[in-house]
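Below: one structure, written as structure tokens.
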Amino acid sequence: MAHLADLARIDLDDAELDHLAPQLNVILEAVASIGAVGDLDDVPPTSHPVPLTNVFREDVVVPGLTAEQALSGAPEAEDQRFRVPRILGDEQ
Amino acid sequence: MSEQLIHKTAAELADALAAGETTSVELTQAHLDRIAAVDAGVHAFLHVDAEGALAQAAESDARRAAGEARHLLDGVPIAVKDVLATQGLPTTCGSKILEGWVPPYDATVVRRIKDAGLPILGKTNMDEFAMGSSTEHSAYGPTRNPWDQTRIPGGSGGGSAAAVAAFEAPLALGTDTGGSIRQPGAVTGTVGVKPTYGGVSRYGLVALANSLDQVGPVTRTVLDSALLHELIGGHDPLDSTSVDAPVGAYVEAARQGATGDLAGLRVGVIKELAGDGWQAGVMARFAETVELLEKLGAEVTEISCPTFVHAMATYYLILPAECSSNLAKFDAMRYGLRVVPEGDPSAEAVMRATRDAGFGDEVKRRIMIGTYALSSGYYDAYYGQAQKVRTLISRDFAAAFESVDVLVSPTSPTTAFPLGEKLDDPLAMYLQDLATIPANLAGVPGISVPAGLADEDGLPVGFQVLAPALADERLYRVGAAVEAALTSRWGGPILAKAPNLEGPR
Chain A
0 MAHLADLARI
10 DLDDAELDHL
20 APQLNVILEA
30 VASIGAVGDL
40 DDVPPTSHPV
50 PLTNVFREDV
60 VVPGLTAEQA
70 LSGAPEAEDQ
80 RFRVPRILGD
90 EQ
Chain B
0 MSEQLIHKTA
10 AELADALAAG
20 ETTSVELTQA
30 HLDRIAAVDA
40 GVHAFLHVDA
50 EGALAQAAES
60 DARRAAGEAR
70 HLLDGVPIAV
80 KDVLATQGLP
90 TTCGSKILEG
100 WVPPYDATVV
110 RRIKDAGLPI
120 LGKTNMDEFA
130 MGSSTEHSAY
140 GPTRNPWDQT
150 RIPGGSGGGS
160 AAAVAAFEAP
170 LALGTDTGGS
180 IRQPGAVTGT
190 VGVKPTYGGV
200 SRYGLVALAN
210 SLDQVGPVTR
220 TVLDSALLHE
230 LIGGHDPLDS
240 TSVDAPVGAY
250 VEAARQGATG
260 DLAGLRVGVI
270 KELAGDGWQA
280 GVMARFAETV
290 ELLEKLGAEV
300 TEISCPTFVH
310 AMATYYLILP
320 AECSSNLAKF
330 DAMRYGLRVV
340 PEGDPSAEAV
350 MRATRDAGFG
360 DEVKRRIMIG
370 TYALSSGYYD
380 AYYGQAQKVR
390 TLISRDFAAA
400 FESVDVLVSP
410 TSPTTAFPLG
420 EKLDDPLAMY
430 LQDLATIPAN
440 LAGVPGISVP
450 AGLADEDGLP
460 VGFQVLAPAL
470 ADERLYRVGA
480 AVEAALTSRW
490 GGPILAKAPN
500 LEGPR
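Chains as they are written, first to last, in numbering that gives the first Met the number 0: chain A, 0 to 91; chain B, 0 to 504.
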């Protein structure tokens, strides 16, 4: 469970893991029933309910967000850029 | 006067505006007054924009006075679910991680209602990122059911449904991923429509599960839903899954249905959506409504959709898989909350701390289930298998629609349950969506209309109608026929039986 939280990039403490783990187990047991449908080798998977086709548009300039608009919700910005914490991890 | 105004349907308000009997400012103010009087209890709204709504209303009145009304509904106010991006208005998705976020752009559906001149009253409460069936997973506290404020209003769109049920708004926009428009409609005695997948643009809808989400109308009458659906529907080049086809004649279908003639209509009752766990009062109202369809000339048969029993498991694999990917964008870098742990934390440490602080329990549960279902070694057994069963569910629908025109079921297995009852029992909560989920998996449209009150608790029951993809007109024809016949039987709309909400002062 701690590994899953790690993969999902959520910093769960022990108390939260204790609270969520049994609930996740119940859900996973319930959805495992999907295996009981049987071997579906002949059935194609559905990713979208309607067939997807590539969508193209004319290669012309259309208005987009200004830098100010794009940065308007940023936790931190500097010089018209998103300012982020150091990106090199602890493992380096 | 304002008391009378708020009880009118959107269609009646549109007529009153056209006839010059009222103004948009007057009726927008009437709804704002109602919100001020009852929303402390109901809590349908996360944000009310009185100033903006009145300004839009004044502009609408000026247009109308100049003979330049843009749309039938120009000037009729509306509430918008907080999962739809609104430029200049906060959009939180019911989550702490987006607290205070003001989008720099409008969702296409929001742009369409603004262009048509509908004043936006505010943003409605919802389960966090639309994950839930009770609105209790909102980070800002639950919405309470106007029929009984100790009970849930359904979810995830409990705010939109409660807003129209409590006469705080004549119209609202909702979104439906597994029943989030239809189930709240059922438990609040209102009307909700999930259009065909791709029928309404998803651009600017903060995605929960892209292959399942649809925007749709939340109203008190079938005709009002039809009016709103025609306004928001249709092709959008900004949504690559948007269907490039003309909008259907929903209003005409609703008017035709209201005449009460369903001669020749073939109706299938879904065999699998009944049995253990289905409340007696729900089944009784459902059976009566099916009898009513027969009286109106429909031919009713029972139809088996055998794979529907696996719809829940399929949905709760596909949805978490999609949402765990979608919500990866909440990384504390470009918008939304940023929590910085002590010391000199890396971007990844900031991300982990932010997602822990910003997401609620249900969101964490679903992200982790999705992460599990997509992880190597489990992908084929879980997500891959679910995608194949999804194909079988679509085939069940296709086979059924070869012999019937519409399928029907109760919208939800129970009436509104008490707040808190299922909060820490996710599986019990998930069962609320048993009847609504198959439509999302297959992309077909569905409507919920009030079917009466359950005998055991006096709470509203919903009747669901499902139609083939792009045959949304059938929902309006059948829904309006049921509504007209039942309203006449009851001697008035079902909401006339709802308790009078007392204001806080």
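Heads up, the beta-carbon is just placed ideally off N, CA and C, and yes, glycines get one too.
Here the structure is a predicted model, which is why all the values come from computation and not from measurement.
8 Å Cβ cutoff met for residue 387/B and residue 42/A: With contacts defined by Cβ atoms closer than 8 Å, residue 387/B and residue 42/A form a contacting pair.
Residue environment, residue 485/B, which counts as buried when at least 16 other CB atoms sit within 10 Å: Classification for residue 485/B: buried.
Close Cβ partners of residue 480/B (< 6 Å) along its chain, the five nearest in sequence each way excluded: So the list reads 256, 259, 261 and 295, once near-sequence residues are dropped.
Own chain residues within Cβ distance below 8 Å of residue 498/B, not counting five before or after: Once the five neighbours on either side are set aside, the close Cβ partners of residue 498/B are 145, 146 and 147.
Coil, strand or helix - residue 576/B by DSSP: Residue 576/B lies beyond the residue range present for chain B, which begins at 0 and ends at 504; the question has no answer from this structure.
Those residues which DSSP pairs with residue 562/B across a bridge: Nothing about residue 562/B can be read from this structure; chain B reaches only from 0 to 504.
Within-8 Å CB hit, residue 489/B to chain A: So, not an interface residue.
Residue-chain proximity (residue 428/B, chain A), Cβ-Cβ < 8 Å: Look at residue 428/B: its C-beta is not under 8 Å from any C-beta on chain A.
Chain B contact for residue 55/A (CB, 8 Å cutoff): Contact with chain B is absent for residue 55/A, since none of that chain's Cβ atoms lies less than 8 Å from the residue's Cβ.
Between the CA atoms of residue 5/A and residue 355/B - distance to the nearest angstrom: Between residue 355/B and residue 5/A, the C-alpha separation is close to 11 Å.
Runs of alpha helix (DSSP H) lying entirely within the region 324-385 of chain B, each at least 4 residues, in chain order: The alpha helix (DSSP H) runs lying completely inside the region 324-385 of chain B and spanning 4 residues or more are 346-357 and 360-373, given in chain order.
Residue 16/B versus residue 57/B: straight-line alpha-carbon distance, rounded: The alpha-carbon atoms of residue 16/B and residue 57/B are separated by roughly 13 Å.
Cβ pair count under 8 Å reaching 3, the region 53-68 of chain A against the region 207-219 of chain B: No, they do not touch.
Beta-bridge partners of residue 77/B, as assigned by DSSP: For residue 77/B, which the question treats as bridged, DSSP gives the partners 119/B.
Backbone secondary structure at residue 166/B - three-state DSSP: Residue 166/B: coil per DSSP, three-state reduction.
Uninterrupted beta strand (DSSP E) stretches inside the region 146-234 of chain B (no shorter than 3 residues): Counting whole runs of 3 or more residues, the region 146-234 of chain B contains the beta strand (DSSP E) stretches 170-175, 190-193 and 213-218.
DSSP beta-bridge partners of residue 451/B: Paired residue(s): 460/B.
Residue 48/B classed as buried or exposed, judged by whether at least 16 other C-beta atoms fall within 10 angstroms: It counts as buried.
Residue interval of the beta strand (DSSP E) (run including residue 473/B): Premise fails: residue 473/B lies in the alpha helix (DSSP H), 472-489, not in any beta strand (DSSP E).
Residue 433/B versus residue 426/B - alpha carbon distance: Using only the alpha carbons, I get a separation of about 11 Å.
Members of the region 59-87 of chain A that neighbour chain B once the beta carbon cut-off is set at 8 Å: Against chain B - using a Cβ distance shorter than 8 Å - the residues of the region 59-87 of chain A are 64, 68, 69, 71, 72, 73, 74, 75, 81, 83, 84, 85, 86 and 87.
Residues near residue 421/B in its chain [Cβ-Cβ closer than 6 Å; skip 5 each side]: Cβ within range, chain order: 427 and 428.
Simplified DSSP state of residue 408/B, which is helix, strand or coil: Residue state, collapsed to three classes: strand.
Straight-line Cα distance separating residue 465/B from residue 39/A: Going from the Cα of residue 39/A to the Cα of residue 465/B covers about 27 Å.
With 16 other Cβ atoms within 10 Å as the buried cut-off, status of residue 301/B: Exposed, by the Cβ-count rule.
Any C-beta of chain B under 8 Å from that of residue 1/A: No, its Cβ sits nowhere closer than 8 Å to a Cβ of chain B.
Where residue 351/B meets chain A, residues with beta-carbon distance less than 8 Å: The contacting residues are 8, 9 and 10.
Near-chain A residues of the region 280-309 of chain B (beta-carbon distance less than 7 Å), N- to C-terminal order: Answer set for the region 280-309 of chain B: 309.
Touch test, the region 338-357 of chain B against the region 56-63 of chain A, Cβ-Cβ under 8 Å, three pairs minimum: Result no; under three Cβ-Cβ pairs closer than 8 Å.
Beta-carbon proximity check, residue 437/B vs residue 312/B, cutoff 8 Å: Result no, Cβ atoms of residue 437/B and residue 312/B do not sit closer than 8 Å.
Uninterrupted alpha helix (DSSP H) stretches inside the region 258-294 of chain B (no shorter than 4 residues): List check, alpha helix (DSSP H) in window: 279-294.
Same chain, Cβ closer than 7 Å to residue 202/B, five either side skipped, listed in chain order: Non-local beta-carbon contacts of residue 202/B in its own chain, meaning distances under 7 Å to residues more than five positions away in sequence, involve 106, 107, 235, 237 and 238 in chain order.
Interface flag, residue 256/B vs chain A, CB-CB below 8 Å: Not an interface residue.
Chain A contacts from the region 128-144 of chain B (Cβ-Cβ distance under 8 Å): Residues: none.
Own chain partners of residue 0/B with C-beta closer than 7 Å, once the 5 adjacent residues on each side are dropped: The pLDDT assigned to residue 0/B is 49, lower than 50, so where the model puts this residue is not dependable; a value taken from the coordinates is nonetheless given after this. Excluding positions up to five away in sequence, the list is empty.
Closest Cα partner of residue 165/B within the set 30/B, 406/B, 381/B and 401/B: Of the candidates 30/B, 406/B, 381/B and 401/B, the one whose C-alpha sits nearest the C-alpha of residue 165/B is 30/B.
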